[in-house]
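A quick write-up on the structure given underneath.
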Amino acid sequence: MTGFLGAGKTTLLRHLLLESGQRLAVLVNEFGEVGIDGDLIASCGFCPEEELDGRLVELANGCLCCTVQDEFLPTMTQLLERADRLDGIVVETSGLALPEPLVAAFGWPEIRNRTRVHAVVTVVDGEALAAGHVVGDPAAVEAQRRADPSLDHLSAIEDLFADQLGAADLVLVSRADRLEPSELERVGAALTERLRPGTVVLPMARGRIQPALVLDGPGREEPQDRHADDDHEDPAHDHDHHDHAHVAMEAVVVRRSGSWDRARLEAELRRLLSEHPVVRLKGRLRQPGKRLPLQIQGVGRRLDCWYEEREGPSRGAAALPADAAPDLELVVLAPQGAAGALREALDRL
């Protein structure tokens, strides 16, 4: 499962885990060292607490397409030890990873006879695409690009988006409920022009879609020699040399104890998004008297905050006592070079 930052991958994944009726394991690749996405998945209650360690694996601080041998393959091998108790494995990339090197990695000898890639599912932000953009606020990225002519961030993002579309077997258009029918039709037509023949495009609202359409729907054909016991060169041997110009991004992490009023915090975060070239923001705020943390998600200048609706087995603790200090955790992704000013702004929260 791939798609740019903030497109809606984790929301979709939670829905699939809860509604599919399948025993799925999840490998999550995050761009920051705070496991926000992993926590969101664990908190949905998709499996018993005693099974979490074997069904949810987080790989932080890395682009999976560049750590195939060191991280991805050992992790897949670990998950495959539970193959008799699983119906499938979902890999959620960080949004900065290229899909094709991961698909090629399933041809490695260690796992090629034990797995089959059913499909690459790419999630795209319908609201942003309707406005003619790939990300929620391209103006912020463009402002940083103009400030540093040596960095062509926007074209790098466009290239990454093209790679994610080119690898897709199924494209899901998120936030379709925010689009007029004519806008959705225009987005679908524009996407189809960039996709391989036969790739299916479906609308999605708030991560909700019939699970069978994703898990049992359009898939990719396997090469005829997929399981051949030949001595051909491992497909990922050339991985270190693939032409992969990373989007020049930097993650700023904030962990702090203190007292925050929700309305004031949201106002401060909206101001931060409007004044700095933030591409993605995610986090959580734990508050006294609340059983579950406030989830914080930002894309470009768009900010959404909500309290989790469901509580998973690992989140069954009682509410924080009234005198407990709430904890704030934030991960902010911005173009490289903007981190210094961003840290100063975050310190003033």
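Each residue of the sequence shown is one higher than the one before, counting from 1 in the working numbering. Note that CB positions come from ideal geometry on N, CA and C, so glycine has one too.
Among the options, which has the Cα closest to the Cα of residue i?
i: G45; options: A25, L17, L179, R114; result: L17
i: R271; options: R302, R286, A251; result: R302
i: T363; options: D169, N29, K9; result: Outside the displayed range of the chain (1 to 349) lies residue 363, so it cannot be described from this structure.
i: G258; options: D125, D327, L202, A130; result: D327
i: I89; options: V26, A339, G95; result: V26
i: I209; options: K9, L80, G3, T2; result: K9
i: A267; options: V278, D304, R178, P288; result: D304
i: L269; options: N113, I157, Q295, L80; result: Q295
i: L346; options: V253, D87, T75; result: V253
i: R112; options: E92, V91, D177, L73; result: L73
i: L342; options: L292, W306, E250; result: E250
i: P101; options: G166, R291, P197; result: G166
i: L179; options: D125, D87, R262, Q164; result: D125
i: P277; options: G340, R291, P181; result: G340
i: G95; options: I157, L129, R186, L265; result: I157
i: D261; options: T93, W108, H15, Q287; result: Q287
i: A130; options: R55, R14, S174; result: S174
I need the straight-line Cα distance from residue i to residue j, nearest angstrom please.
i: G300; j: K282; result: 11 Å
i: L273; j: A42; result: 28 Å
i: G298; j: E193; result: 29 Å
i: E49; j: V103; result: 30 Å
i: E110; j: Q78; result: 11 Å
i: V117; j: F106; result: 7 Å
i: G188; j: N29; result: 28 Å
i: D87; j: L292; result: 30 Å
i: P181; j: L160; result: 27 Å
i: V279; j: G219; result: 31 Å
i: E58; j: P99; result: 17 Å
i: A190; j: E51; result: 42 Å
i: E92; j: Y307; result: 23 Å
i: R255; j: E81; result: 35 Å
i: H15; j: A128; result: 22 Å
i: R85; j: E344; result: 48 Å
Name, in chain order, the residues that DSSP records as bridge partners for residue i.
i: V121; result: L170
i: V26; result: L56, V90
i: V332; result: V252, L281
i: T77; result: DSSP output for T77 lists no bridge partner at all.
i: D327; result: S257
i: T2; result: T122
Just to check my reading of the structure: residue i and residue j have Cβ atoms closer than 8 Å, yes? What is that Cβ distance to the nearest angstrom?
i: A97; j: T2; result: 7 Å
i: L5; j: L333; result: 6 Å
i: A7; j: V123; result: 4 Å
i: G207; j: L12; result: 4 Å
i: D184; j: P203; result: As written in the sequence, residue 184 is Leu, which differs from the Asp given in the question. Sure, about 6 Å apart at Cβ, within 8 Å.
i: A205; j: D163; result: At roughly 26 Å, the Cβ-Cβ gap does not stay under 8 Å, so A205 and D163 are not in contact.
Taking Cβ positions only, does residue i come closer than 8 Å to chain C?
i: R112; result: Judged by its chain identifiers, the structure shown contains no chain C, having just a single protein chain.
Complete runs of the beta strand (DSSP E) confined to the stretch 91-115 [at least 3 residues]: none
Alpha helix (DSSP H) runs wholly inside the stretch 249-306, at least 4 long, in chain order: 262-275
Contiguous alpha helix (DSSP H) assignments of at least 4 residues, all confined to the stretch 173-213: 181-192
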